[in-house]
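Trainee:
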Amino acid sequence: MRDLFPILKIIKKQKTAPLLLALQMAVTLMVIVNAAFIITDRNRLMERSSGLDEDNIFYISSTAYQDDYALENNLKNDLEMIRNTLGVIDATPINAIPLSGGGWSMGLSRTAGANSDGAGSAMYMVDEHALGALGISLIAGEFFNASDIKFRTRTNNNWPPVVVITKALALELFPDDYNEALGETIYIEDNDPMVIKGIVDTLQAPWNGWSGVERSALIPTPLLFKSITYMIRTEPGQRDLLMAQIENKMSKTPGRFIRRVRDMSEVRKRSYSFHSATNSVLLAVITALTVVTGLGIVGQASFSVNKRKKQIGTRRALGANKGQIAGYFMLENAVITSFGIVLGLIASIGLNMVLVEAFSLPRLPWHYLVIGSVVLYILGQLAVAYPAQRASAVSPAIATRSA
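In this note's numbering, the protein residues as written are 2 to 404.
(1) Are there 16 or more other CB atoms within 10 angstroms of the CB of Ala245, so buried, or fewer, so exposed?
(2) Determine the DSSP secondary structure at Lys77, reduced to helix, strand or coil.
(3) Return yes when the Cβ of Pro388 is within less than 9 Å of the Cβ of Ser272, no when it is not.
(4) DSSP state of Ile247, grouped into three classes?
(5) Taking just the CA atoms, how far does Ile187 sit from Thr112?
(6) Within 10 angstroms of the Cβ of Ser274, are there 16 or more other Cβ atoms? Answer buried if so, exposed if not.
(7) I believe Asp79 touches Tyr231 by the beta-carbon criterion, under 8 Å. Please report the beta-carbon distance rounded to the nearest angstrom.
(8) DSSP three-state label for Pro194, please.
(9) Which one or two residues does DSSP pair with Ser63 in a beta bridge?
(10) Going along the chain, which residues of its own chain have a beta-carbon closer than 7 Å to the beta-carbon of Leu172, five neighbours each way excluded?
(11) Determine the direct distance from the alpha carbon of Tyr378 to that of Lys308, and round the result to whole angstroms.
(12) CB-CB under 6 Å to Gly108, same chain, minus the five flanking residues each way: which ones, in chain order?
(13) Rounded to the nearest angstrom, what separates Lys16 and Val385 at their Cα positions?
(14) Taking DSSP as the reference, what is the three-state secondary structure of Gly324?
(15) Nearest to Glu190 by alpha carbon, out of Leu204, Asn158 and Pro99?
(16) Which ranges does the alpha helix (DSSP H) cover as unbroken runs of at least 4 residues, wholly within the segment 252 to 300, from first to last along the chain?
(17) With a threshold of 7 Å on Cβ separation, who are the neighbours of Ala141 within its own chain once the five nearest residues in sequence on each side are excluded?
(18) On the three-state DSSP scale, how would you describe Ile313?
(19) Quick check: the Cα distance between Val293 and Leu380, rounded to an integer number of angstroms?
(20) Could you give the C-beta distance for Ala27 and Gly345, rounded to a whole number, given that I count them as a contact under 8 Å?
(21) Could you tell me the alpha carbon to alpha carbon distance between Asn35 and Val357, rounded to whole angstroms?
(22) So Leu135 is in the alpha helix (DSSP H); what residue range does that whole segment cover?
(23) Are there 16 or more other CB atoms within 10 angstroms of the CB of Pro176, so buried, or fewer, so exposed?
(24) Of the choices Phe152, Gly324, Glu236 and Val376, whose alpha-carbon is the least far from that of Val89?
(25) Put Trp367 into one of helix, strand or coil per three-state DSSP.
(26) Let's see if you can read the secondary structure: which residues bound the beta strand (DSSP E) around Ala123?
(27) Give me, in chain order, the residues of the same chain whose beta-carbon lies closer than 6 Å to that of Thr29; leave out the 5 immediate sequence neighbours on both sides.
(28) Tell me which residue opens and which closes the beta strand (DSSP E) that Val165 is part of.
(29) Just to check my reading of the structure: Thr64 and Arg260 have Cβ atoms closer than 8 Å, yes? What is that Cβ distance to the nearest angstrom?
(30) Since Ser393 and Ile326 are thought to touch, with beta carbons under 8 Å apart, how far apart are those beta carbons, to the nearest angstrom?
(31) For Ala123 and Gly104, which I take to be in contact (beta-carbon distance under 8 Å), what is that distance rounded to the nearest angstrom?
(32) Tell me, to the nearest whole angstrom, how far the beta carbon of Glu55 is from that of Arg269; I am working on the premise that it is less than 8 Å.
(33) Could you have a look at Arg153 and say whether DSSP puts it in helix, strand or coil?
(34) With a CB to CB cut of under 8 Å and the five nearest residues on each side skipped, what residues in its chain are close to Ser305?
(35) Where does Thr41 sit, in a helix, a strand or coil, going by DSSP?
(36) Note the first and the last residue of the continuous beta strand (DSSP E) segment covering Tyr188.
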């Protein structure tokens, strides 16, 4: 450590190069720490369970174009055909697809009236087969039976007397205990009452970026419109085969066309495509900054070695061994890195505060700062190792002749 004060004097004398390197390290730490945190946070979001048996579920949408198309008869025929197909576990009509980005939402409250406090919820209009078709888990109460089901049309759009909600929605409405929600009356569109018949564990909304993504309600009113969607759950390993098979069967019904057939794995991939792309970009930025900073350290240290060959030779002549010479440059790098880390920590916290305010990101956990600082120290020591080894190889005679 006796070299510390001479190093500080040299840094003070040669302000520009050490300062630029410290600033480069500060920027690197700031970006790497926040980028790594964003990547981790997005990965956490992408790994959330939708509540569905995603690996074995697909949906198929069709649209009728004939004026005399028999909506109810064809819907019943479709469901009978699908449910009787070998390899199908169950199927349900549904108005929206979880994680798809498009769907219905309504406000639900414990009291009637326009000014009552409530919670926003995704609305899934299904039949009594939805529990098995979606692969969701009922954790309290009962699910719908056939007598609960009433078709919703453009002329008959009344809300049903019962509803099944997710645990997250139950806790939003009844914060003390989600079980308190069971059997209670809630209101939709301010004044229409519905009794909570059951509670399911998890069923995500269509919008992955919504803060209430876990809040969903299942309504026993399948849509009887010209456009209809079925969610179909299959036995493991049968999904892809049955997608083509059922599409082929449904396409034979006259007066309509098949609009889309897509499995839930693809829905999830599309839903989080922006997150995945952002993570790839941030990972590339982290890699590039790490490489550039490492090269900057190598360049600055190599320049310093070449510039101070006489000083190195003099120290060697006075008895300094190779390890002491190499240690001098390693310590010098550690000092500059420390300055950079202090600046980088301040900048990292400042940038995170901006991101929290602008994009509602979580606050940066302290251990990211610790890990980032350690990584930067290691990077600095690895990058300076080769120039330091070169410095230790300078002989007193060569240094004297180069004077």
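A virtual CB, placed ideally from N, CA and C, is assigned to each residue, including glycine.
Mentor: In short, the structure shows the following:
(1) Reading the sequence shown from its first residue, position 244 is the one you call residue 245. Burial call: exposed.
(2) Translated into the one-based positions of the sequence shown, residue 77 becomes position 76. It is helical.
(3) In the sequence shown, the residue the question calls residue 272 occupies position 271. In the sequence shown, the residue the question calls residue 388 occupies position 387. Taking 9 Å as the cut-off, the Cβ atoms of Ser272 and Pro388 do not count as close.
(4) As a position in the sequence shown, residue 247 is number 246, starting the count at 1. Correct three-state label for Ile247: helix.
(5) If you number the sequence shown from 1, residue 112 lands on position 111. If you number the sequence shown from 1, residue 187 lands on position 186. Their Cα atoms are separated by approximately 7 Å.
(6) If you number the sequence shown from 1, residue 274 lands on position 273. By the 10 Å Cβ count, Ser274 comes out exposed.
(7) As a first step, residue 79 must be located in the sequence shown, where it is residue number 78. As a first step, residue 231 must be located in the sequence shown, where it is residue number 230. Indeed they touch by this definition, with Cβ atoms about 7 Å apart.
(8) Translated into the one-based positions of the sequence shown, residue 194 becomes position 193. Strand.
(9) As a position in the sequence shown, residue 63 is number 62, starting the count at 1. Its beta-bridge partners are Ile229 and Ile259.
(10) The residue labelled residue 172 in the question sits at position 171 within the sequence shown. These residues qualify, in order along the chain: Tyr179.
(11) Locating residue 308 in the sequence shown gives position 307, where the first residue counts as 1. Locating residue 378 in the sequence shown gives position 377, where the first residue counts as 1. Going from the Cα of Lys308 to the Cα of Tyr378 covers about 24 Å.
(12) Here residue 108 is taken as the residue at index 107 of the sequence shown, counted from 1. These residues qualify, in order along the chain: Gly119 and Gly121.
(13) Counting from one through the sequence shown, the residue named residue 16 turns up at place 15. Counting from one through the sequence shown, the residue named residue 385 turns up at place 384. Approximately 19 Å between the Cα atoms of the pair.
(14) Here residue 324 refers to the residue found at position 323 when the sequence shown is read from its first residue. For Gly324, the three-state secondary structure derived from DSSP is helix.
(15) For the purposes of this step, residue 190 is taken as residue 189 along the sequence shown, with counting starting at 1. The shortest Cα separation from Glu190 among Leu204, Asn158 and Pro99 belongs to Asn158.
(16) 265 to 272
(17) Stepping through the sequence shown from its first residue, residue 141 is reached at position 140. Excluding sequence neighbours, Ala141 sits near Asn180, Leu183, Gly199 and Ile200.
(18) As a first step, residue 313 must be located in the sequence shown, where it is residue number 312. Helix.
(19) Start at 1 with the first residue of the sequence shown, and residue 293 comes out as number 292. Start at 1 with the first residue of the sequence shown, and residue 380 comes out as number 379. C-alpha separation (whole angstroms): 11 Å.
(20) The sequence position of residue 27 within the sequence shown is 26, counting from 1. The sequence position of residue 345 within the sequence shown is 344, counting from 1. With 8 Å as the limit, Ala27 and Gly345 qualify as a contact, their Cβ atoms being about 4 Å apart.
(21) Residue 35 sits at position 34 when you count from the first residue of the sequence shown. Residue 357 sits at position 356 when you count from the first residue of the sequence shown. Rounded to the nearest angstrom, the two C-alpha atoms are 11 Å apart.
(22) By one-based count along the sequence shown, residue 135 stands at place 134. Its alpha helix (DSSP H) spans residues Ala131 to Leu135.
(23) Within the sequence shown, the letter at position 175 stands for residue 176. Pro176 should be labelled exposed.
(24) Position 88 of the sequence shown holds residue 89. Considering only alpha carbons, the answer is Glu236.
(25) Looking up residue 367 in the sequence shown gives position 366. Residue state, collapsed to three classes: helix.
(26) The residue you call residue 123 lines up with position 122 of the sequence shown. Element bounds for Ala123: Gly119 to Met126.
(27) Residue 29 sits at position 28 when you count from the first residue of the sequence shown. Around Thr29: Leu290 and Thr294.
(28) Reading the sequence shown from its first residue, position 164 is the one you call residue 165. Counting along the chain, the beta strand (DSSP E) containing Val165 begins and ends at Val163 to Thr167.
(29) Counted from its first residue, the sequence shown places residue 64 at position 63. Counted from its first residue, the sequence shown places residue 260 at position 259. Right, their Cβ atoms sit about 5 Å apart.
(30) If you number the sequence shown from 1, residue 393 lands on position 392. If you number the sequence shown from 1, residue 326 lands on position 325. Ser393 to Ile326, Cβ: 4 Å. Contact.
(31) In the sequence shown, the residue the question calls residue 123 occupies position 122. In the sequence shown, the residue the question calls residue 104 occupies position 103. Between Gly104 and Ala123 the Cβ distance is about 6 Å, and since that is below 8 Å, they are a contact.
(32) In the sequence shown, the residue the question calls residue 55 occupies position 54. In the sequence shown, the residue the question calls residue 269 occupies position 268. Indeed they touch by this definition, with Cβ atoms about 6 Å apart.
(33) Within the sequence shown, the letter at position 152 stands for residue 153. Three-state result, Arg153: strand.
(34) To locate residue 305, count along the sequence shown from 1; it is residue 304. Cβ within range, chain order: Ala18, Phe330, Glu333 and Pro388.
(35) For the purposes of this step, residue 41 is taken as residue 40 along the sequence shown, with counting starting at 1. Helix, per DSSP.
(36) Mapped onto the sequence shown, residue 188 falls at position 187. Here the beta strand (DSSP E) through Tyr188 covers Thr186 to Ile189.
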